[in-house]
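Just so you know, we're using my numbering here: the sequence shown kicks off at 10 and counts up by one.
Here a beta-carbon is modelled for each residue, glycine too, at the ideal position from N, C-alpha and C.
Keep in mind the model is a prediction, meaning the values are calculated, not measured.
Have a look at the structure below, then the notes.
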Amino acid sequence: MYVAKKLRSQSVSAYLVYMYQVEDLVRAYGFDADRIAAEYLPRFGYEEKQLAQAKEWYESLARMMHEEGKEEAGHVRVVQNTLDLLEDHHQELLADNDEHDYKAAYYKALPHIVALRAQGNNRNKHEMENCIDALYGATLLRMQGKEISAGTQAALKPISDLLRLGEEAKQS
């Protein structure tokens with residue numbers, strides 16, 4: 010909850026990757042906020058009031074996931090809405106004749122985005138969702154202590170650059 014709020018104000022991409030992780034964490038704990046509060050949250054050293062607020066946030070997220078049928082996969086509406094806004098911004102930047110740097114970054118990232126879209130369940134996702142999926146996949150590999158291949162690292166660089174430029178354009 011605290012991290013999500015901070016990330017949302019700093020970087021939409023980082024916020025989305027974090028929320029993907031949180032959704033997976035809720036699934037891993039069987040949608041049980043009591044278990045999350047007892048087993049996961051103590052490592053952050055929250056005071057009693059903060060712990061109660063965090064537990065309530067996880068309960069709310071678990072409830073949303075159930076209500077929206079996201080028990081196995083997918084993202085709650087608030088996360089999907091943020092992805093959709095990111096895609097809208099992306100399309101606006103591509104349509105803006107003054108966004109030369111963004112368009113150049115897009116064309117560098119495009120072959121990697123196309124490759125991602127060709128994989129499994131990525132075909133019906135928009136480009137920015139594919140980009141966030143790629144960053145999350147790399148995050149999962151790092152968390153599991155697995156090596157990220159040179160090819161994957163090479164693909165992540167232009168995707169990360171594109172997302173960064175998009176966020177910079179949004180701030181200006």
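Which whole-angstrom value describes the C-beta separation of residue i and residue j, a residue pair presumed to lie in contact below a C-beta threshold of 8 Å?
i    : j    : result
A114 : L174 : 5 Å
V35  : M74  : 6 Å
L102 : A178 : 6 Å
Y38  : Y49  : 7 Å
S22  : L172 : 4 Å
N139 : R126 : 6 Å
H121 : A164 : 4 Å
Find the nearest neighbour of residue i within the set the options, judged by alpha-carbon distance.
i    : options         : result
L92  : S20, A147, L70  : S20
Y24  : N106, K117, L95 : L95
G160 : A143, D33, A71  : A143
Could you tell me the alpha carbon to alpha carbon distance between residue i and residue j, rounded to whole angstroms?
i    : j    : result
H135 : E80  : 22 Å
I157 : I141 : 16 Å
D41  : M137 : 31 Å
L119 : R151 : 24 Å
K58  : T148 : 30 Å
G146 : P167 : 15 Å
E77  : E65  : 18 Å
Y111 : A47  : 45 Å
Say whether chain B places a C-beta atom closer than 8 Å to the C-beta of residue i.
i   : result
E76 : Among the chains in the structure shown there is no chain B, since it carries only a single protein chain.
- [ ] Spell out a yes or no on whether the stretch 84–91 and the stretch 15–30 are touching, meaning 3 or more CB-CB pairs, one atom from each, closer than 8 Å.
- [x] yes
- [ ] Ignoring anything shorter than 3 residues or poking outside the stretch 90–162, list the beta strand (DSSP E) runs there in chain order.
- [x] none
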